[in-house]
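In terms of the numbering used here, the sequence shown opens at residue 28 and continues consecutively. What follows is a single structure, written as structure tokens, with notes after it.
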Amino acid sequence: MSDLRAGRIGLLSRTIAMRHRGIRAMLALAAVTITALALVQVASARVDRQTATTVQVKGGEFFFRLSTKSIAKPTKVTFVFMNIGSVPHDFRINGKTTPLINPGKTAKLVITFTKKGKFPYLCTVPGHAQAGMKGVFTVA
Ligand SMILES: [Cu+2]
Numbered sequence: 028m029s030d031l032r033a034g035r036i037g038l039l040s041r042t043i044a045m046r047h048r049g050i051r052a053m054l055a056l057a058a059v060t061i062t063a064l065a066l067v068q069v070a071s072a073r074v075d076r077q078t079a080t081t082v083q084v085k086g087g088e089f090f091f092r093l094s095t096k097s098i099a100k101p102t103k104v105t106f107v108f109m110n111i112g113s114v115p116h117d118f119r120i121n122g123k124t125t126p127l128i129n130p131g132k133t134a135k136l137v138i139t140f141t142k143k144g145k146f147p148y149l150c151t152v153p154g155h156a157q158a159g160m161k162g163v164f165t166v167a
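Below, the structure is given as structure tokens:
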């Protein structure tokens with residue numbers, strides 16, 4: 028083998044070795060990035076679990092529309108009731124009632140469900156529940 032040829036091969040194998048080092052570094056960086064993303068996801072999932080117990084309630088003449096009508100297990104639930112109708116309404120569930128609120132207003136009701144069951148909800152303004160402002164919330 029000529030010196031020139033040997034030199035070329037040496038240069039070539041050094042280049043390949045460097046390329047490998049580059050790839051290894053990139054893979055290591057990718058692994059670190061994926062791990063970091065996974066950790067962020069775990070953290071946000073934890074936050075979601077803590078704040079997922081908000082139920083949006085929209086009410087008007089003469090209905091209630093809930094963002095969800097059931098939850099998977101007994102827990103604390105914040106009902107955010109918005110009156111989207113044109114006369115005052117309230118929202119009552121599990122022995123608690125929001126203030127009577129005017130159209131366009133919002134009232135919160137925090138209920139701690141301690142057991143499974145079916146919990147009826149309604150508007151306490153006379154005649155409204157009979158007209159349709161009622162339903163059942165399920166704690167499974
Ligand atoms: Cu009402």
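Cβ coordinates follow ideal geometry from the N, Cα and C atoms, glycine included. All of these numbers come straight from a predicted model, not from anything done at the bench.
Cβ-based burial, residue i [other Cβ within 10 Å; buried from 16]
i	result
V114	exposed
G112	buried
T125	buried
V74	Because V74 sits at a pLDDT of 47, beneath the cut-off of 50, its placement in the model cannot be relied upon, and the following sentence gives the value as read from the coordinates. Its Cβ having fewer than 16 others within 10 Å, V74 is exposed.
V69	With a pLDDT of 49 at V69, under the threshold of 50, the modelled position of that residue is not reliable, and no figure is offered here.
V82	buried
V84	buried
Residue i CB to nearest heavy atom of ligand 1 below 8 angstroms
i	result
P115	yes
M109	no
V166	no
G112	yes
V152	yes
G86	yes
F106	no
First through last residue of the beta strand (DSSP E) which encompasses residue i
i	result
A167	Run containing A167: none; DSSP gives neither H nor E here.
A134	133-139
V152	Premise fails: V152 is in no beta strand (DSSP E) and is neither H nor E.
Whole-angstrom distance between residue j and residue i, CA atom to CA atom
i	j	result
S71	T80	Because S71 carries a pLDDT of 49, less than 50, the predicted location of this residue cannot be relied on, and the following value inherits that uncertainty. Between S71 and T80, the C-alpha separation is close to 15 angstroms.
P147	K96	11 angstroms
Starting from the N-terminal side, write out each stretch of the beta strand (DSSP E) that is 3 residues or longer and does not extend beyond the region 92-127. Residue ranges of uninterrupted beta strand (DSSP E) with 3 or more members, entirely inside the region 92-127 and ordered along the chain, are 103-110.
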